[in-house]
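Numbering (my numbering), first residue to last: 8 to 262.
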Amino acid sequence: MRIATWNVNSLRVRLPHVLDWLASEQPDVLALQETKLTDEDFPRAEIEAAGYHAVFVGQKTYNGVATLSRVAGSDATPGIAGFDDPQKRVLAATYDGVRVVNVYVPNGESVGSDKFAYKLDWLERLRAHLRDELRRHPRLVLLGDFNIAPEERDVHDPAAWDGKVLFSGPERQALRHLMDIGLHDTFRLFEQAERQYTWWDYRMNAFRRKLGLRIDHILASDEMRSACRSCRIDLEPRRRERPSDHAPVLAEFAL
DNA sequence: ATGGTCGGTAACCGA
8 MRIATWNVNS LRVRLPHVLD WLASEQPDVL ALQETKLTDE DFPRAEIEAA
58 GYHAVFVGQK TYNGVATLSR VAGSDATPGI AGFDDPQKRV LAATYDGVRV
108 VNVYVPNGES VGSDKFAYKL DWLERLRAHL RDELRRHPRL VLLGDFNIAP
158 EERDVHDPAA WDGKVLFSGP ERQALRHLMD IGLHDTFRLF EQAERQYTWW
208 DYRMNAFRRK LGLRIDHILA SDEMRSACRS CRIDLEPRRR ERPSDHAPVL
258 AEFAL
């Protein structure tokens, strides 16, 4: 079972890239973030023509998540239980007994801002929610744009990013705290080359200069960790014309 | 040198 995540930064603009990537990589599940469109504008027909089912929860202009899949998902559940958040950032569904939780974690704007406080609060609510989900679903994958680089090796210049949003102490601690419930970074289960990132600022030729951060993750429960066989970042879509600022991440599970 | 580039939407906000 191949499970992937990709922040597309507007599904309307990136649909050709997504359709090409589905054809070339043929993931069983692809979690998309920042679709930036309402449910009525979701390109369902184009996705289905490519042989994929879709569940989605979106809004105008901002946020929005969608999960595409070869087989239809069941028990699709938007949001975090008990948290009436108008921002559409979470969508869970079950595929062949695997609970897949697709998240677009708040960006946080800058350390100390209101949006930063929202990000930390949001992560704590997600943690409580996932603890319950894990009890019900031992086979669980939590994936998406976390807007947090876990370690120094996930940042092109850790000294410059020290204390900055996406790499600040409170954010990294919140991510560790979330992973403490029993979630494992599939990327780090395997030997990886150095300086591998999933996001590069559009400005200053950051991608060409390899100035990135690894902020998109595929986390696996204990049972799914045991089944995980690989995890890699695909840079090919980021090299194309008019790319998303994020690259897709793909993990393979022996299921 | 505190900028820079995108996307969405219609003067800027969010990332």
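Even glycine gets a Cβ: it sits at the ideal position worked out from N, Cα and C. Given the structure is predicted, the values throughout are model-derived calculations rather than measurements.
As assigned by DSSP and simplified to three states, the class of residue i
i	result
HIS60	strand
HIS136	helix
ALA30	helix
ARG106	strand
VAL148	strand
ARG9	strand
Residues that DSSP places opposite residue i in a beta bridge
i	result
ASN16	In DSSP, ASN16 forms no bridge with anything.
GLN40	ASN14, VAL72
CB of residue i within 8 Å of CB of residue j, strictly
i	j	result
ARG143	PHE90	no
LEU26	ALA57	yes
VAL62	VAL97	no
VAL105	MET186	no
VAL112	LEU130	yes
ASN109	LEU150	yes
ARG249	VAL20	yes
THR45	LYS67	yes
Continuous alpha helix (DSSP H) stretch holding residue i: start and end
i	result
GLU178	176-186
ASP229	229-234
PRO165	165-168
Enclosing beta strand (DSSP E) for residue i [first to last residue]
i	result
GLU259	256-260
ALA73	72-76
| message | Across the region 154-165 and the region 132-142, are there enough close Cβ pairs to call them in contact, namely three or more that are closer than 8 Å? | response | Three or more Cβ pairs closer than 8 Å define a contact, and the region 154-165 falls short of that threshold against the region 132-142.
| message | Under 8 Å: do the region 198-207 and the region 154-174 share three or more Cβ pairs, one atom per stretch? | response | yes
| message | Count Cβ pairs between the region 219-235 and the region 181-195 that sit closer than 8 Å; are there 3 or more? | response | A contact exists between the region 219-235 and the region 181-195.
| request: Determine, using beta-carbon pairs with one atom in the region 172-188 and one in the region 109-125, whether at least three such pairs fall under 8 Å. | output: yes
| said: Whether or not the region 177-188 and the region 238-246 are in contact is what I'm after, with contact meaning three or more pairs of Cβ atoms, one per stretch, closer than 8 Å; do they touch? | reply: no
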